[in-house]
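Novice: Mind having a look at this structure? Questions to follow.
In the working numbering, the protein residues as written are 521 to 987.
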């Protein structure tokens with residue numbers, strides 16, 4: 521029975537009982553060491569292969585250490601000129617890529633899986649997460665799937681070069697994505713969220729879209745920068761809204777400023793600062809094109825409307841009690857007339873000019889406090905002025921036409937003058953009451969003529985009494 525032998529070429533074969541080296545170790549300087557069965561057990565001194573490497577053709581290899589600090593296995597490519605043509609640790613499977621086996625498994629506490637690499641290349645970190653401290657993480661295909669623990673990148677950021685990125689949360693409260701610039705000294709040189717398109721600005725694509733219920737569009741930003749709020753309107757609670765170019769277009773829902781007021785300015789020499797248009801062809805009195813509303817009760821202490829020229833020169837205003845004052849330029853009504861139903865009309869300067877439609881005051885009368893009043897008609901038959909006391913019970917306590925002078929009775933002015941051909945005096949009533957008929961005479965057809973004092977003076981043509 522052969523125990524061991526040394527062949528003529530020096531090959532030594534231990535055929536039974538194995539090989540035990542108790543001291544000095546075992547050195548193989550050439551040819552390598554081949555163990556065909558029974559394995560190789562080294563109880564001390566370790567195994568040092570200086571050349572030729574070590575190959576286990578079957579049965580696998582198990583490396584175990586009882587040390588609390590030493591590595592169980594250490595693979596080192598010690599050459600200082602090592603290149604990409606080499607591989608420090610290579611794991612090779614004769615089986616085609618599949619999900620039915622693992623290329624690598626890392627266990628803690630002998631059985632708790634930390635991470636593994638499946639036969640199809642899928643790498644799963646089962647505990648502790650994945651920490652990349654330098655160099656970043658590049659996924660060229662297949663994407664990256666994290667089922668628990670999330671993704672934490674402490675430096676270097678992460679870049680997706682193709683395939684895009686989808687972030688989804690099943691939580692009912694957590695944000696799907698939060699972008700935070702945590703520096704307390706962050707400046708305008710940085711951008712918290714930047715959206716970049718390699719395509720030139722155009723209306724054919726979108727830079728940003730926001731959906732609710734997965735498909736209902738809320739707002740979007742088109743490739744040419746046009747931003748559309750498609751639902752819910754736009755609410756600005758602070759800071760106001762500034763549009764430097766392109767204007768503001770609201771196609772539905774209008775816009776509401778709840779506080780801070782609104783200022784509309786144009787630098788154009790011809791464009792209107794604001795235009796309010798009710799474009800419906802069936803607009804009715806139920807609507808109001810421009811409505812000015814004050815929460816304060818009517819009062820003289822504020823204004824509903826002010827119109828200024830040269831930024832500070834008042835043209836006209838509407839006081840909180842409704843009083844409208846034209847402060848410059850007068851009031852010109854070219855059609856439709858002017859109706860004052862109550863409160864009267866007060867013109868303090870500049871007079872009142874109405875080119876068509878006339879003036880109708882239904883209540884309160886009309887008072888001109890200064891500047892006088894001129895009533896002219898171009899008609900060949902209409903009266904220039906008609907004063908009517910329309911009441912059927914009018915009494916002597918009223919006066920249909922009353923002419924009042926603040927000056928005491930005198931011969932230096934006239935209370936009334938009647939002219940024909942604009943300058944020819946027909947009759948007049950002097951400030952002392954003297955009435956002079958300057959042309960046409962005086963004809964009394966009924967009631968007679970009674971002179972109670974001062975007598976009657978006829979300077980020409982005598983007196984003719986027909987009955």
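The C-beta atom is built at its ideal place from N, Cα and C for all residues, glycine as well.
Rounded to a whole number of angstroms, what is the C-alpha to C-alpha distance between residue 584 and residue 559?
Specialist: Each residue's Cα considered, the two are about 15 Å apart.
Novice: Any idea what DSSP makes of residue 846, helix, strand or coil?
Specialist: In the structure shown, residue 846 sits in a strand (DSSP, three-state: E or B).
Novice: Leaving out the 5 sequence neighbours to the left and right, which residues in its chain are closer than 7 Å to residue 798 when beta-carbon positions are compared?
Specialist: Taken in chain order, the residues that qualify are 807 and 809.
Novice: Give the straight-line distance between the Cα atoms of residue 978 and residue 951, rounded to the nearest whole angstrom.
Specialist: Computed Cα separation, rounded: 20 Å.
Novice: For residue 940, which residues of its own chain have a beta-carbon under 8 Å away from its beta-carbon, when the five flanking residues on both sides are left out?
Specialist: The residues are 946 and 959.
Novice: Could you give the distance in angstroms between the alpha-carbon of residue 535 and the alpha-carbon of residue 526?
Specialist: For residue 535 and residue 526, the distance between alpha carbons rounds to 11 Å.
Novice: My parser needs the alpha helix (DSSP H) runs of 4 or more residues fully inside the segment 637-684; what are they?
Specialist: Within the segment 637-684, no complete alpha helix (DSSP H) run reaches 4 residues.
Novice: With three or more C-beta pairs closer than 8 Å as the rule, is the segment 692-710 touching the segment 718-725?
Specialist: Touching, no.
Novice: Between which residues of its own chain and residue 819 is the CB-CB distance below 8 Å, once the five residues before and five after are set aside?
Specialist: Closer than 8 Å at the Cβ level, and outside the excluded window around residue 819, lie 840 and 841.
Novice: For residue 958, does the three-state DSSP call read helix, strand or coil?
Specialist: Correct three-state label for residue 958: coil.
Novice: Quick check on this structure: which residue in 848, 856, 619 and 542 has the alpha carbon closest to the alpha carbon of residue 830?
Specialist: Ranking 848, 856, 619 and 542 by Cα distance to residue 830 puts 848 first.
Novice: For residue 768, which beta-bridge partners are listed by DSSP?
Specialist: Per DSSP, none; premise fails for residue 768.
Novice: Rounded to whole angstroms, what's the CA-CA distance from residue 969 to residue 986? Just pull it up for me.
Specialist: Their backbone Cα atoms lie some 13 Å apart in a straight line.
Novice: Suppose only complete runs of 3+ residues qualify. What are the beta strand (DSSP E) ranges in the segment 554-637, listed by chain order?
Specialist: Complete beta strand (DSSP E) runs here, min 3: 622-628.
Novice: Considering only residues of the segment 815-865, which uninterrupted beta strand (DSSP E) runs meet the minimum length of 3 residues and lie entirely inside it, listed in chain order?
Specialist: Listed in chain order, the complete beta strand (DSSP E) runs (minimum 3 residues) inside the segment 815-865 are 823-829, 833-839, 844-846 and 858-860.
Novice: Check each candidate in 973, 963 and 816 and name the one with the smallest Cα separation from residue 984.
Specialist: Among 973, 963 and 816, the Cα nearest to that of residue 984 is on 963.
Novice: Alpha carbons only, please: which of 581, 588, 553 and 563 is nearest the one belonging to residue 571?
Specialist: Looking at the Cα atoms, 553 is the closest of the given residues.
Novice: Might you give, ordered along the chain, the residues of its own chain that have their beta carbon closer than 7 Å to the beta carbon of residue 579, omitting 5 neighbours on each side?
Specialist: So the list reads 559, once near-sequence residues are dropped.
Novice: Tell me the rounded alpha-carbon separation between residue 727 and residue 744.
Specialist: Residue 727 and residue 744: Cα-Cα distance of roughly 9 Å.
Novice: Since residue 538 and residue 523 should fall inside the 8 Å C-beta cutoff, what is the C-beta to C-beta distance between them, to a whole number of angstroms?
Specialist: Between residue 523 and residue 538 the Cβ distance is about 11 Å, and since that is not below 8 Å, they are no contact.
Novice: Check this for me: beta carbons of residue 634 and residue 624, under 8 Å apart or not?
Specialist: Cβ distance not < 8 Å, so residue 634 and residue 624 don't count as in contact.
Novice: Can you tell me whether residue 801 is helix, strand or coil according to DSSP?
Specialist: Here residue 801 sits in coil by DSSP.
Novice: Taking residue 933 as the reference, which of 944, 942 and 949 has the closest Cα?
Specialist: Of the candidates 944, 942 and 949, the one whose C-alpha sits nearest the C-alpha of residue 933 is 949.
Novice: What does a CB cutoff of less than 7 Å around residue 731 pick up in its chain, not counting 5 residues either side in sequence?
Specialist: 737 and 738, listed in sequence order.
Novice: Of the choices 668, 982, 556 and 813, whose alpha-carbon is the least far from that of residue 781?
Specialist: For residue 781, the nearest C-alpha among the options comes from 813.
Novice: Using only the alpha-carbon positions, how far apart do residue 803 and residue 883 sit?
Specialist: Their backbone Cα atoms lie some 30 Å apart in a straight line.
Novice: Between the Cα of residue 920 and the Cα atoms of 906, 597 and 632, which residue gives the shortest distance?
Specialist: Comparing Cα positions, the closest option is 906.
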